[in-house]
Amino acid sequence: MAYETLLYAKEDGVLTITLNRPDKLNAANDTMLNELQEAFKQAGRDEEVRAVILTGAGRGFCAGQDLASVEERLHGGGRMDYGAHLRHTYNPLILRIRRLPKPVIAAVNGVAAGAGMSLVMACDLRVAAESASFLQAFVRVGLVPDSGSTWMLPRLIGMARATELMLTGRRISAQEALDWGLINKVVPDNALMEEVNTLAGELAKAPTKVIGYIKRALDFAATRPLDEALEYEADMQELAGRTEDHLEGLRAFLEKRPPTYRGR
Ligand code: LHQ
Numbered sequence: 439m440a441y442e443t444l445l446y447a448k449e450d451g452v453l454t455i456t457l458n459r460p461d462k463l464n465a466a467n468d469t470m471l472n473e474l475q476e477a478f479k480q481a482g483r484d485e486e487v488r489a490v491i492l493t494g495a496g497r498g499f500c501a502g503q504d505l506a507s508v509e510e511r512l513h514g515g516g517r518m519d520y521g522a523h524l525r526h527t528y529n530p531l532i533l534r535i536r537r538l539p540k541p542v543i544a545a546v547n548g549v550a551a552g553a554g555m556s557l558v559m560a561c562d563l564r565v566a567a568e569s570a571s572f573l574q575a576f577v578r579v580g581l582v583p584d585s586g587s588t589w590m591l592p593r594l595i596g597m598a599r600a601t602e603l604m605l606t607g608r609r610i611s612a613q614e615a616l617d618w619g620l621i622n623k624v625v626p627d628n629a630l631m632e633e634v635n636t637l638a639g640e641l642a643k644a645p646t647k648v649i650g651y652i653k654r655a656l657d658f659a660a661t662r663p664l665d666e667a668l669e670y671e672a673d674m675q676e677l678a679g680r681t682e683d684h685l686e687g688l689r690a691f692l693e694k695r696p697p698t699y700r701g702r
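Each residue of the sequence shown is one higher than the one before, counting from 439 in my numbering.
Below you can see the structure in the form of structure tokens.
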């Protein structure tokens, strides 16, 4: 499928989805939101895809909702149902990323604002260029953090810092984001894609099905008491124990050789 607002490139088990409205810092309009849902759906169906990179073209990662398209609709007294918009676009997209049984890495090449920052947080791993920055821009335009920000941000950086960022809309640097635990790594700007491609390449050779079970177990445990999390771990382990890759991992260990995982 050809996309208007995304680049979709597959190589050696790694799918790179690039948000591609660089003049607008990759702000998300309806087309992009629909295409992102489609792209992640395709990533789920395609067995060749074993790791996904989400990044942005140009100097921004994603500036959140395209505010010009919102203003257009409100112009002349029109109305836009923000709740319905979220329920139809961002919410299913965030769930689709969380539920994708494959690792998703955000390669944050520039500013990630509003729902753009939520998108970064929905990914499993986050690597940022030195010049990248992050802001909970919502309050600056009189809006509440959405697209999972209220759920993700306090979990990643704690209540005190999450509340500060949400109430002030302050922009933080990649280094501050790293110090606070929002992201996994900061790299020089010109090394970002090389670094992320290497990481994604390693993950594309991992026991993919099991990675899906790990994601499920983490998200389940995030909101459940210990006894339920233990029970869920046991369920996931039962599934992992039945995978071909687990058997291969066992054999490779005993035969003192590197495993070859096929994601099955
Ligand atoms: C933009 C945008 C943008 C359009 C930069 N839209 N054009 C969900 C549901 C329902 C309703 C509403 O919202 C949501 C979720 C949300 O995401 S709400 C939050 C929306 N995002 C923002 O409020 C961030 C707005 N952008 C900014 O504050 C700045 O652009 C940041 C801080 C991201 C970057 O600043 P600069 O590096 O100084 O760049 P810039 O402001 O000059 O932007 C470059 C161009 O991109 C510019 O266009 P132009 O034609 O003048 O060159 C901007 O208008 C455009 N752009 N963000 N969200």
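Backbone N, C-alpha and C define an ideal beta-carbon position, used for all residues, glycine too.
Item: Taking just the CA atoms, how far does Ala600 sit from Thr606?; Value: 10 Å
Item: Give a yes or no on whether the C-beta atoms belonging to Pro583 and Phe572 are separated by under 8 Å.; Value: no
Item: With 16 as the cutoff for other CB atoms within 10 Å, does Asp484 come out buried or exposed?; Value: exposed
Item: Just to confirm the assignment, what range does the beta strand (DSSP E) spanning Ser556 have?; Value: Where Ser556 is concerned, there is no enclosing beta strand (DSSP E), although the alpha helix (DSSP H) it sits in stretches over 553-560.
Item: Less than 6 Å between C-beta atoms, sequence neighbours within five positions excluded: which residues of the same chain meet that for Gly482?; Value: Leu538
Item: Which of helix, strand or coil does DSSP assign to Ile621?; Value: coil
Item: Which of the three DSSP states, helix, strand or coil, is assigned to Gly679?; Value: helix
Item: Please report the Cβ distance between Gly494 and Asn464, rounded to the nearest whole angstrom; I am assuming they are in contact, meaning their Cβ atoms lie under 8 Å.; Value: 4 Å
Item: Across which residues does DSSP place Ala447 in a beta bridge pair?; Value: Thr454
Item: So, helix, strand or coil for Gly515, using DSSP?; Value: helix
Item: Thr456 and Leu474: beta carbons closer than 8 Å?; Value: no
Item: If you measure between the beta carbons of Gly639 and Val490, is that distance less than 8 Å?; Value: no
Item: Quick check: is any heavy atom of the ligand LHQ less than 7 Å from the C-beta of Phe523?; Value: It should be pointed out that residue 523 corresponds to His in this sequence rather than to Phe. Yes.
Item: Whose beta carbon lies closer than 7 Å to any heavy atom of the ligand LHQ, going through the chain in order?; Value: Asp461, Lys462, Leu463, Ala465, Gly498, Ala501, Gly502, Gln503, Asp504, Leu505, Ala506, Val508, Tyr520, His523, Leu524, Tyr528, Val549, Ala551, Gly552, Ala553, Gly554, Leu573, Ala575, Phe576, Arg578, Val579, Leu581, Asp584, Ser585, Arg609
Item: So, under 8 Å CB-CB, Cys561 and Val542 are touching, yes? Tell me the CB distance rounded to an integer number of Å.; Value: 5 Å
Item: Any idea if Thr698 is buried or exposed, counting beta-carbon neighbours within 10 angstroms, 16 or more meaning buried?; Value: exposed
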